[in-house]
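Presented below is the structure to which this report refers.
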Amino acid sequence: MTDLGFEGLNVHWSTSEDMHEVEDGSVQSVITSPPYWDLKDYGHENQIGTADESYEHYHDRMEAVWSECYDVLKDNGTMWVVVDTVMDNGDLQLLPYHIAERAEDVGFHLQDMVAWYKPTAIAGMTARNVVNKKEYVVFLSKSKDFKLNIDSESNNGLEDPAISEERLLGNIWRHPVKRGSAGKNVLHKAPYPISLIDRIVRLSSDEKDTVLDPFLGSGTTAYSALNLGRACIGYELNKEFEDIIIDRLSDLQQKSLTEF
Ligand SMILES: C[S@@+](CC[C@H](N)C(=O)[O-])C[C@H]1O[C@@H](n2cnc3c(N)ncnc32)[C@H](O)[C@@H]1O
Numbered sequence: 001m002t003d004l005g006f007e008g009l010n011v012h013w014s015t016s017e018d019m020h021e022v023e024d025g026s027v028q029s030v031i032t033s034p035p036y037w038d039l040k041d042y043g044h045e046n047q048i049g050t051a052d053e054s055y056e057h058y059h060d061r062m063e064a065v066w067s068e069c070y071d072v073l074k075d076n077g078t079m080w081v082v083v084d085t086v087m088d089n090g091d092l093q094l095l096p097y098h099i100a101e102r103a104e105d106v107g108f109h110l111q112d113m114v115a116w117y118k119p120t121a122i123a124g125m126t127a128r129n130v131v132n133k134k135e136y137v138v139f140l141s142k143s144k145d146f147k148l149n150i151d152s153e154s155n156n157g158l159e160d161p162a163i164s165e166e167r168l169l170g171n172i173w174r175h176p177v178k179r180g181s182a183g184k185n186v187l188h189k190a191p192y193p194i195s196l197i198d199r200i201v202r203l204s205s206d207e208k209d210t211v212l213d214p215f216l217g218s219g220t221t222a223y224s225a226l227n228l229g230r231a232c233i234g235y236e237l238n239k240e241f242e243d244i245i246i247d248r249l250s251d252l253q254q255k256s257l258t259e260f
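Under the UniProt record's numbering, the sequence shown is numbered contiguously, ending at residue 260.
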């Protein structure tokens, strides 16, 4: 474990297939974006999802992570997996749905497949004939009775007046992707937008709750959790992210120094 010097943050530089360091039943929500099978090489020999790993083997290893997440979650906890379909030799693999099935196999209840609409997505990012403007947020719960702060996020915006009049949360969320949002050092090519993670943190937890990310990367979940007064535990294999995370979270410290 590394204490990066930020109150409320613990990072483990090891595989999230084994999270014995975290007490069972202590985490309120798991918020993550895993490797999208073989889409990107994150440069660690033990990483999940590489070019020569079969799709089944990838899911076997991911299932071990989902099982650990299940154990560390509180009974009223939830798990949110931001992930997309991937092209495999000209065929679309329904990766988010297969992740949902494997998570259900370890005991999770599937609550929804939220569509994250990316209005700023451009052509050419993946080998598709149509421009892919959405990803998925797989929304799961440990039990049927779970914490969901629906009132914190019920404003769906002007484009959906029927829903917003009733103050109900819809399952299509619009969050534009900002380029270079991981800071100057863009080792990480797949950070998700902070607005999306802020929304999930507020929905799934209260202040002082603990949020866990088993694939921490450049630390977007940590940034959002700490900024919103939650504690955060992260697992990440690639220690090269350490400086990036420290850099991002220092912004937060600067911000809080100027706010008070
Ligand atoms: C899609 S990225 C996460 C991006 C992150 N949400 C962010 O904001 O930067 C997936 C991450 O999982 C890490 N990873 C791959 N296999 C892992 C494993 N077995 N245990 C922990 N981390 C792993 C990779 O190094 C990569 O940083």
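From the three backbone atoms N, C-alpha and C, an ideal C-beta is built for every residue, glycine too.
Going straight from the alpha carbon of residue i to that of residue j, what length do you get?
i      : j      : result
Arg209 : Gly77  : Checking the sequence, you will find Asp at residue 209 rather than Arg. Near 10 angstroms, if we compare the C-alpha coordinates of Gly77 and Asp209.
Ser16  : Asp24  : 14 angstroms
Leu92  : Asp84  : 10 angstroms
Ser195 : Val177 : 9 angstroms
Met19  : Phe139 : 21 angstroms
Ala222 : Ser54  : 31 angstroms
Ser152 : Leu203 : 6 angstroms
Pro96  : Asn149 : 24 angstroms
Thr90  : Val130 : Correcting the residue identity first, residue 90 is Gly in this sequence and not Thr. Roughly 13 angstroms separates the two Cα atoms.
Can you name the start and end residues of the beta strand (DSSP E) that residue i belongs to?
i      : result
His109 : 109-117
Trp80  : 73-83
Leu212 : 210-213
Ala225 : No beta strand (DSSP E) contains Ala225, which is instead part of the alpha helix (DSSP H) from 220-227.
Can the beta-carbon of residue i be found closer than 8 angstroms to that of residue j?
i      : j      : result
Trp80  : Ile200 : yes
Trp66  : Val22  : no
Thr50  : Asp38  : yes
Trp116 : Glu135 : yes
Pro214 : Val30  : yes
Can you tell me whether residue i is buried or exposed? The criterion is at least 16 other CB atoms within 10 Å of its CB, across all chains shown.
i           : result
Arg248      : buried
Leu94       : exposed
Gly217      : buried
Met62       : buried
Arg230      : buried
residue 268 : Absent from the structure is residue 268, since the part of the chain shown begins at 1 and ends at 260.
What is the residue span of the alpha helix (DSSP H) that residue i lies within?
i      : result
Asp105 : 95-105
Asp198 : 194-204
Please list, in chain order, all residues of the same chain as residue i whose beta carbon is under 8 angstroms from its beta carbon, the five residues on each side excluded.
i      : result
Met113 : Pro96, Tyr97, Ala100, Tyr136, Val137, Val138, Phe139, Asn171
Can you list, in chain order, the residues of its chain whose CB lies under 6 angstroms from that of residue i, leaving out five sequence neighbours each side?
i      : result
Gly234 : Val11, Asp213, Leu216, Ala222
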